[in-house]
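Going by the numbering used here, the sequence shown opens with residue 341, and the numbers climb by one from there.
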Amino acid sequence: MMGKINDTLSIAAWRCLFLLFAGLTVVVGALFFFLVPDSPETAWFLTESDRKLARLRTKENQLGTTDTKFKWYQVREVLLDPAVWLLSIVSMATMIPSAGLTNFYAIIVKSMGFSAEYTLLMSTAGAWNVAAVLGFPWLAAKFRRRALVAILPMLLSMAGVIMVWVAKNKVARFVGYMLGTGCTAGFSLALSLVTSNVAGRTKKTTANAMFFIFFCVGSLVGPQCFKQKDAPAYVPALTVIVVMLAVCILLFIATHFLYAHRNRKRVWTEGNEPLAADSEDLTDRENPHFHYAL
């Protein structure tokens, strides 16, 4: 349908896609604004007993929710926390390949020898990306090793990009391209580590902001790697992507061992009463009972 849209409308097909997804984003954003509560206390769909269970859950995971005061020392702690920096750089390093490959999908695949209409039709093969984003987090939850499991989509993406680089058969190159886009799963797992391993209201907010700033930088840099003068092989861009994926692997390994080291330094004994982190707004570094997800 999108391949024929230029015959009926005065705007390009890619503009229609942008309008479609932008419209959906606005609608979903508005629904979230009005329907999704800020906390369990303001959740209109929870009963009082449900709210109590939600409060107990925040005590158990030691993340805290109730204190909304902005604390500058927690901002400083974010800036001095190597784990936040590692995951933020992962965010950028995963988005450089992801943004470059997805934004230039049509150009890259067409350069392999496929027609314009066939290129649009083959975009349904992006289901692999969806499967990766859902499947690898499931594996991470099963084995409780998020950072190490995140290495798997990076390796598959690297293998896929190398296939695009060296393969001569266009089908093999297309399969390699699809594998390359699976690096988005690494971003999802990095985000889950930030969500689970940063405590303290101000620290969590600042860490999330920092993570998404790096995400935006990667999204801006990725497409700039593909230059018209490098077509059709785009060797410099593919080189950058392979390097970024290798960097992600090293950073995930470093993150895993950093969190494991912090957990070993914590004193864990059966029967210890956890601190009421939900009311004291302690950061993960302040709370001796905080356990980092690996």
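Beta carbons: idealized from backbone N, C-alpha and C, even for Gly.
Residue 408 sits in coil when the DSSP states are folded into three classes, being neither helix nor strand. DSSP places residue 634 in the coil class of the three-state scheme, outside both helix and strand. Taking every protein chain shown into account, the CB of residue 397 has fewer than 16 other CB atoms within 10 angstroms, so this residue is exposed. For residue 574, no alpha helix (DSSP H) run applies, since DSSP gives it neither H nor E.
Ranking 409, 389 and 476 by CA distance to the CA of residue 530 puts 476 first. Cα atoms of residue 417 and residue 574: separation of roughly 41 Å, rounded to the nearest angstrom.
For a cut-off of 8 Å, the C-beta gap from residue 535 to residue 414 is around 16 Å, too long to register as a contact.
If you look at residue 383, you'll find it isn't in any alpha helix (DSSP H); DSSP assigns it neither H nor E. Between residue 594 and residue 577, the alpha-carbon positions lie close to 26 Å from each other. With contact defined as three or more Cβ pairs closer than 8 Å, the segment 545 to 565 and the segment 380 to 398 are not in contact. By the C-beta criterion, the segment 431 to 443 is judged to be in contact with the segment 561 to 575, since at least 3 inter-stretch pairs fall below 8 Å. Here residue 592 really is in contact with residue 490; their C-beta atoms are around 5 Å apart, less than 8 Å. If the five residues before and after residue 504 are omitted, its C-beta is found closer than 6 Å to the C-beta atoms of 513, 516 and 517, all from its own chain and listed in chain order. Contact between residue 527 and residue 435 is confirmed by a C-beta separation of about 7 Å, below the 8 Å threshold.
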